[in-house]
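Here the structure comes first, spelled out in structure tokens, and everything after it is commentary.
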Amino acid sequence: MLFRKPYGIDLGSSTIKVYSSTKNKSYMTKNLIAHRGREIIAVGNEAYEMFEKTPASVQVEMPMTFGMIANVELEEISLYQMLRQIDPKSHRGGEVFFSVPMDTTAIEKNAYYRCVNGKWLRNNKVFLVEEPIADAIALGIPLEKNKGSMIVNLGAQSTSFSVIAEGKVIISRKVPIGGRQMNEAICNEIRKHYNLSIGTRTAKRLKTAIGRMHSDQPAARKIVGIDSLSGLPREEAISSEVVGEGLEDCLREIGREMKSFLERTPPQIAARIAYKGIYLTGGSSRIPDIQTYLEEATGYTYKLSGLYELSIIKGLERIIREPELRKWAAQLKPRKL
Ligand SMILES: Nc1ncnc2c1ncn2[C@@H]1O[C@H](COP(=O)(O)OP(=O)(O)OP(=O)(O)O)[C@@H](O)[C@H]1O
Ligand SMILES: [Mg+2]
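All residue numbers for the sequence shown refer to the numbering used here, where the first residue is 94 and numbers rise by one.
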């Protein structure tokens, strides 16, 4: 059983994270494919380089939408390329541990099975782990003797709120707001304040360079955009306050959703969560001072995981490496639907 070494895979809307037990290492690549009709032009980070720069005949597509597999074939190609680079013999007869959102339907689960049992990737056994469980394991949150913990994962196209108690995810909700919506909100603010059109890649660069939720140390960054009136390129120094306004548009909505989620949480558990603090994780929890902003918006306190986009894959890594944690993974049998 040479190739039975398991893989952990977190299919994110913006990046795929893979843990290889053969290499004992995690890898990350953009979850994007550039194609012209049926001809694949670029996959992963290379496709991201082409994003918003391609001619009309070339499409750059995301195989995932709002944290769900939208195109099984493209997802399989993305994974095949990535696994082949990690380990050239990895694509057949292995075990794959996927993290999946809560409330995944049978059809959606089947998509996970099919994207590692298709044309290029074959004979793989599939195990599913609920995302909040993987996060909790990575964060060291006890699962069984737990009277209530809340985890918020801020991703690229979604934010999920989950409450864990007595070894179960007792309530969970995913809202379609994440880093991508923040990039779009930053584009809108820049159009409003500077009469300048920019692409979402530039907005993302601004977000990671000067995005923050406080204004005590304002910063600025020069970018080139297209003047909305003249249609000509123009250079402009964008202030961190304008970027912050874009971020706030999204975080205000997340805060509102979180409050209504907490109102639906059983009171004793909510009291426990208030006492312990809410865990924040996912790539978008990298925004400086996000916890202070959410504290003001919701009245709860927060703890940053410090693992950011890698928390789920760290949880899968532990499930693969520690036999006593395997019980949190359930094997998925293929189904004819
Ligand atoms: N320094 C940073 N500041 C703000 N946002 C950041 C920073 N670094 C990364 N991000 C954002 O984090 C997001 C990626 O996070 P993550 O990998 O958790 O998402 P995902 O798993 O791909 O998406 P999803 O969970 O929604 O399917 C991106 O939108 C990215 O712009
Ligand atoms: Mg994610």
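Where a beta carbon is used, it is the ideal one built from N, C-alpha and C, also for glycine.
Nonlocal neighbours in the same chain, by C-beta distance under 8 Å from residue i, ignoring five residues either side
i: PHE96; result: For PHE96, the pLDDT reaches just 48, beneath the cut-off of 50, and the residue's location in the model is therefore unreliable, leaving the point undetermined.
i: GLY260; result: LEU236, GLU237 and ASN239
i: TYR287; result: GLY318, GLU329, ILE331 and VAL335
i: SER308; result: SER333, GLU334 and GLY337
i: ILE226; result: LEU236, ILE257, VAL262, GLY408 and TRP421
i: ILE133; result: ILE126, ALA127 and ILE170
i: ILE412; result: GLY101, PHE190, VAL222, ALA227, ILE230, LEU418, ARG419, TRP421 and ALA422
i: ARG129; result: SER150, VAL151 and GLN152
i: THR147; result: ALA127 and VAL153
i: ARG345; result: ALA390
i: GLY142; result: In the sequence as displayed, the identity of residue 142 is Glu instead of Gly. Excluding positions up to five away in sequence, the list reads ALA135.
i: ASP180; result: SER113, THR115 and LYS116
Between the CA atoms of residue j and residue i - distance to the nearest angstrom
i: MET157; j: ILE234; result: 28 Å
i: PHE144; j: ILE170; result: 18 Å
i: ILE113; j: LEU325; result: A small correction: the amino acid at residue 113 is Ser; Ile does not occupy that position in the sequence shown. Looking at the two C-alpha atoms, the distance is approximately 48 Å.
i: MET94; j: THR115; result: Low per-residue confidence applies at MET94: pLDDT is 34, beneath 50, and the placement is therefore not dependable, though the value from the model is reported in the following sentence. Cα to Cα, MET94 sits roughly 13 Å from THR115.
i: VAL189; j: LEU322; result: 52 Å
i: THR252; j: LEU400; result: 16 Å
i: ALA312; j: ILE270; result: 26 Å
i: ARG207; j: ARG365; result: 40 Å
i: ARG428; j: THR295; result: 43 Å
i: ALA163; j: ASN210; result: 16 Å
i: GLU341; j: THR385; result: 12 Å
i: CYS280; j: LYS420; result: 45 Å
i: ARG215; j: LEU172; result: 12 Å
i: LEU387; j: GLY348; result: 6 Å
i: ALA213; j: GLU223; result: Correcting the residue identity first, residue 213 is Trp in this sequence and not Ala. Approximately 26 Å between the Cα atoms of the pair.
i: GLU168; j: SER150; result: 21 Å
i: GLU161; j: LYS285; result: Correcting the residue type first, residue 161 is Met in the shown sequence and not Glu. Taking the straight line from one Cα to the other gives about 32 Å.
i: VAL111; j: ARG177; result: 12 Å
i: LEU289; j: ASP320; result: 5 Å
i: ARG131; j: GLU166; result: 11 Å
i: LYS369; j: GLU139; result: 42 Å
i: ASN217; j: GLY392; result: 46 Å
i: TYR205; j: VAL219; result: 8 Å
i: LYS98; j: PRO416; result: 14 Å
Cβ-Cβ separation, residue j to residue i (assumed contact under 8 Å), whole Å
i: GLU334; j: LYS315; result: Going by Cβ atoms, the distance from GLU334 to LYS315 rounds to 16 Å, so no, they are not a contact pair.
i: ILE291; j: ILE303; result: 14 Å between Cβ atoms; not a contact.
i: ARG232; j: TYR395; result: It is Leu, not Arg, that sits at residue 232 in the sequence shown. Not really, about 13 Å apart at Cβ, beyond 8 Å.
i: ASN203; j: MET155; result: With a Cβ gap of about 20 Å, ASN203 and MET155 do not count as contacting.
i: PRO264; j: ARG414; result: The question names Pro, yet the displayed sequence has Ile at residue 264. About 29 Å separates the two Cβ atoms, so there is no contact after all.
Distance CB(residue i)-CB(residue j) smaller than 8 Å
i: ARG298; j: GLY337; result: no
i: LEU403; j: ILE230; result: no
i: ASN276; j: THR301; result: no
i: ASP498; j: GLY408; result: This structure cannot settle anything about residue 498, because the visible part of the chain is limited to 94 through 430.
i: PHE254; j: ARG266; result: yes
i: SER119; j: ILE405; result: no
i: ALA278; j: GLY339; result: yes
i: ILE244; j: THR122; result: no
Chain-order list of residues whose beta-carbon lies under 6 Å from that of residue i (same chain, five-residue window excluded)
i: GLN174; result: VAL136
i: LEU221; result: PHE191, VAL193, ALA423 and LEU425
i: ASP103; result: LYS110, SER192, ILE405 and ILE406
i: VAL268; result: THR252 and GLU350
i: PHE159; result: GLN250, SER251 and PRO269
i: GLU410; result: GLY101 and TYR112
Same chain, Cβ closer than 7 Å to residue i, five either side skipped, listed in chain order
i: GLY241; result: VAL256, ALA258, ILE362, ARG365 and ILE366
i: LEU397; result: LEU373, SER378 and GLN384
i: CYS343; result: ILE270, GLN274, MET275 and ALA278
Specify whether the region 377-385 and the region 350-358 touch according to this definition: at least 3 beta carbon pairs, one from each stretch, less than 8 Å apart.
no
Between the region 100-114 and the region 248-263, do at least 3 Cβ pairs fall closer than 8 Å?
yes
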